Amino acid sequence: MWSVHKFGGTCMGTPQRIQNVADVVLGDSSERKLIIVSAMSKVTDMMYSLVHKAQSRDDSYTEELDKVFEKHMAAAKDLLDGENLARFLSQLHSDISNLRAMLRAIYIAGHATESFSEFVVGHGELWSSQMLSYAVQKSGASCSWMDTREVLVVKPSGPDMVDPDYEESEKRLEKWFSRQPAEIIVATGFIASTAENIPTTLKRDGSDFSAAIIGSLVRARQVTIWTDVDGVFSADPRKVSEAVILSTLSYQEAWEMSYFGANVLHPRTIIPVMKDNIPIVIRNMFNLSAPGTVICKQPANEDADLDACVKSFATIDKLALVNVEGTGMAGVPGTSSAIFSAVKEVGANVIMISQASSEHSICFAVPEKEVAAVSAALHVRFREALAAGRLSKVEVIHDCSILAAVGLRMASTPGVSAILFDALAKANINVRAIAQGCSEYNITVVLKQEDCVRALRAAHSRFFLSKTTLAIGVIGPGLIGATLLNQLRDQFN
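Here the sequence shown is numbered in our numbering, starting from 49 and rising by one per residue.
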């Protein structure tokens with residue numbers, strides 16, 4: 049049975065950390081292990097910068113490439129020795145030479161095609177995975193290196209998005225396994241190929257997605273994502289100091305939290321493992337004693353210390369609310385379609401939508417940086433309706449944030465909305481818009497950005513996610529005092 053591990057850039061940031069990763073891999077007692085790794089810390093950003101500088105005809109791209117080379121050469125010399133070091137440095141020199149030629153071509157043309165850019169950017173994972181593979185082999189373990197461009201096939205599904213071709217990928221993976229029977233496989237994250245064998249990537253945060261896809265292809269026992277935090281928090285610990293680690297999450301809860309900005313996983317990472325019911329475990333590479341958070345279909349035991357039906361809170365900042373209203377909207381088919389077609393044409397991302405049941409108005413949230421284009425597109429699309437008075441206004445409200453309450457048990461618990469809005473009211477928070485899906489897995493509110501942290505803390509505390517210590521001293525525990533103590537004990541039990 050396979051176990052899949054994914055180690056991020058922070059985990060692979062230095063030679064010592066790469067060696068620590070090798071030790072964790074060797075300590076896993078699973079029959080077969082497949083290890084997915086990101087590039088060393090900050091290397092992917094350096095590679096993107098190389099492409100940008102070259103196509104901008106900035107001569108400093110050559111110095112940047114030298115820094116990339118020196119970083120990996122120094123890491124390899126600290127980590128490896130003998131024949132393995134010689135092999136790695138030989139490959140590194142060859143790769144850097146090829147990149148120098150390619151970047152020179154981009155510099156001359158003043159333009160980088162998508163395939164050129166993807167090819168350059170993906171080298172960070174090639175180098176980090178090769179170093180880890182050699183580090184594991186140094187212990188005497190049977191370990192093979194996998195370039196996932198040979199097995200993972202993807203197809204475009206939208207702007208900066210790709211979908212895996214599972215059927216073709218499975219065929220290629222089986223063929224690869226027939227040639228490489230090793231018990232430990234170290235593979236590149238983030239990179240893949242098109243059906244035409246052109247190198248590409250899974251876009252930003254793609255290494256987690258790689259691990260989930262590979263986990264699904266090999267029917268893994270579990271996929272472990274190694275990071276630098278102890279697990280998934282009930283809220284952003286930078287904003288709520290009382291935030292606690294959640295021991296379990298359902299797939300739906302994790303997806304909702306990811307969508308609303310929680311630092312859990314990229315939402316697309318959850319899709320491949322959901323269909324095969326493969327659990328994902330979030331662990332801390334720098335605190336191996338922490339059990340982490342298990343994400344699975346339906347947690348068997350909810351957190352004993354969290355009685356609240358709301359599992360967590362997440363926020364998104366730097367949003368604007370667009371409000372389209374008018375009496376002429378009511379009962380007119382196609383109004384919503386016209387609104388969101390205009391939004392789609394300018395490539396804006398709609399975060400949430402709310403519509404009054406009277407159909408008198410529709411409001412939706414978009415990133416602040418996209419709202420000017422959205423507003424202009426709507427004014428053009430509805431010029432005649434605005435002039436005729438069928439629409440009264442297209443209004444933009446700037447400096448907004450979203451607060452989302454997430455929890456599977458919300459669907460079967462009456463009064464959750466009442467508790468949430470009571471907490472916000474007592475904190476003197478004004479709610480600008482509300483949305484809740486029929487699944488009832490989340491309640492979303494739009495509020496002023498300046499109120500967001502205060503609202504988050506108030507809601508988190510109100511749902512008993514924050515541990516509160518109450519000290520009571522009883523002097524002379526006679527009949528009344530003893531009765532009070534008994535009541536407190538019964539309430540606690």
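All C-beta atoms in this analysis are idealised placements derived from N, C-alpha and C, irrespective of residue type, glycine included.
If you're wondering where the values come from, they're calculated on a predicted model, not measured in any experiment.
In the three-state DSSP reduction, T242 falls in the coil class, being neither helix nor strand.
Residue pairing of C344 in beta bridges, as defined by DSSP: S298.
Shown here, V69 sits in a helix according to DSSP, grouped into three states. Three or more pairs of CB atoms, one per stretch, sit closer than 8 Å, so the segment 327-346 contacts the segment 294-310. Taking the CA atoms as reference points, Q64 sits about 11 Å from A183. When rounded, the separation of the alpha-carbon atoms in N146 and F167 is 11 Å. Under the three-state reduction of DSSP output, V199 falls in the coil class, being neither helix nor strand. Contact holds between the segment 492-504 and the segment 281-290, because three or more Cβ pairs, one in each stretch, are under 8 Å apart. Per DSSP, the beta-bridge partners of L82 are V52 and I233. For L369, the secondary structure class from DSSP, reduced to helix, strand or coil, is strand. In this structure, the beta-carbon distance from M377 to H408 falls below 8 Å. Contact between the segment 526-533 and the segment 482-489 is absent: fewer than 3 CB-CB pairs across the two stretches fall below 8 Å. With respect to the C-alpha of Q178, the residue from N325, S108, S86 and P315 having the closest C-alpha is S86. Sorting D253, A475, K474 and F469 by C-alpha distance to the C-alpha of I482 places F469 at the top. DSSP places K441 in the strand class (E or B) of the three-state scheme. Rounded to the nearest whole angstrom, the C-alpha separation of F238 and P339 is 26 Å.
Taking a cut-off of 8 Å for Cβ pairs, the segment 152-163 and the segment 196-213 do not touch, as fewer than three such pairs fall below it.
I328 places its beta carbon 8 Å or farther from that of V234.
C-alpha of S187 to C-alpha of E231: approximately 14 Å in a straight line. For R429, the enclosing alpha helix (DSSP H) has its first and last residue at V419 to R429. The segment 260-273 makes no contact with the segment 412-430; the number of CB pairs closer than 8 Å stays below 3. Collapsing the DSSP output to three states places Q484 in a strand. For the pair C191 and S181, the CB atoms are nearer than the 8 Å cut-off.
Per DSSP, A102 is not a residue of any beta strand (DSSP E); the alpha helix (DSSP H) it occupies stretches across V91 to Q103. By the neighbour-count criterion, in which a residue is buried when 16 or more other Cβ atoms sit within 10 angstroms of its Cβ, D256 is buried. CA-to-CA, the gap between R457 and A302 works out to about 14 Å.
Between M333 and C59 a beta carbon distance of about 4 Å is seen, short of the 8 Å cut, so the two are scored as contacting. Around P204, the same chain offers V210 as residues with beta carbons nearer than 7 Å, after the five sequence neighbours per side are excluded. About 19 Å separates the beta carbon of A386 from that of M400, a gap too long to meet the 8 Å contact definition. The DSSP-derived three-state label of G376 is helix. In the DSSP assignment, L456 falls outside any beta strand (DSSP E), carrying neither H nor E.
When S226, L151, N397 and T62 are compared, the shortest CA-CA separation from L127 is found for T62.
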